[in-house]
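For my numbering, add 445 to where a residue sits in the first sequence, where the first one is 1.
Note that beta-carbon positions come from the ideal geometry of N, C-alpha and C, so glycine has one too.
The structure displayed is predicted, hence computed values, not measured ones.
Single-structure report; data block below.
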Amino acid sequence: MDQQNFFQNVYDVARLIPKGRVTSYGAIAAYLGVKSSARMVGWAMNQAGAYPDVPAHRVVNHQGLLTGKHHFATPSLMQELLEAEGISVRNNKVQQFQVHFWDPMKELEL
DNA sequence: TGCGTGACCACGG
DNA sequence: CCCGTGGCCACGC
446 MDQQNFFQNV YDVARLIPKG RVTSYGAIAA YLGVKSSARM VGWAMNQAGA
496 YPDVPAHRVV NHQGLLTGKH HFATPSLMQE LLEAEGISVR NNKVQQFQVH
546 FWDPMKELEL
């Protein structure tokens with residue numbers, strides 16, 4: 446697949462994340478078959494603002510940390526959006542991460 | 001062309 | 001949990 450498709454695929458998967466759930470950059474990368482290129486998923490999310498309906502706030506790092514919050518309109522926006530969906534965030538980290546975690550590998554593999 | 005940087009991650013200690 | 005190391009690769013200078 447070329448880069449264009451890679452980016453589009455990242456956004457497509459992101460759009461499939463259910464409300465109130467979160468996933469990680471690495472999980473998306475693994476689902477797309479580029480497990481070792483999680484950084485590229487992060488780069489794709491950086492550009493996500495240019496595309497409609499891409500819930501970048503539901504994508505955090507593998508620890509549940511809101512590492513990308515500084516790339517939103519305001520640093521607090523990411524947390525606010527998550528809490529608005531019922532996900533509690535404390536000290537820049539998603540609580541009960543394992544419970545809210547949505548793994549495309551398992552959820553979409555059906 | 002090369003180098004530093006980064007919304008990452010696995011692994012070892 | 002923290003820390004360092006190596007791999008990944010687009011982008012800007």
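Are at least three pairs of beta-carbons, each pair with one atom in the segment 480-493 and one in the segment 530-545, less than 8 Å apart? With the cut-off at 8 Å, the segment 480-493 and the segment 530-545 do not touch.
Please go through the same chain and pick out, in chain order, the residues whose beta-carbon is closer than 6 Å to the beta-carbon of F517, but skip the five residues on each side of it. Once the five neighbours on either side are set aside, the close Cβ partners of F517 are M523.
So what does T468 bridge to, in DSSP terms? Answer by DSSP bridge pairing, in chain order: V504.
Which stretch, first to last residue, makes up the alpha helix (DSSP H) that contains G487? A483 to Q492 is the extent of the alpha helix (DSSP H) around G487.
Contact the segment 503-510 vs the segment 463-472: 3+ CB pairs below 8 Å: Inter-segment contact for the segment 503-510 and the segment 463-472 is present: three or more beta-carbon pairs are separated by less than 8 Å.
DSSP-derived helix/strand/coil call for V458: When secondary structure is reduced to three states using DSSP, V458 falls in the helix class.
Sequence-distant residues of its chain with Cβ nearer than 6 Å to L477 (five each side left out): Within the same chain, L477 has close Cβ partners N454.
Closest Cα partner of P549 within the set F451, N450, V458 and F452: Nearest neighbour of P549 by Cα position, chosen from F451, N450, V458 and F452, turns out to be V458.
So, for E530: in the same chain, excluding its five sequence neighbours on each side, which residues have a beta-carbon less than 6 Å away from its beta-carbon? Answer for E530: K464 and G465, listed in chain order.
With 16 other Cβ atoms within 10 Å as the buried cut-off, status of G494: That one is exposed.
Where does L553 sit, in a helix, a strand or coil, going by DSSP? In the structure shown, L553 adopts coil according to DSSP, grouped into three states.
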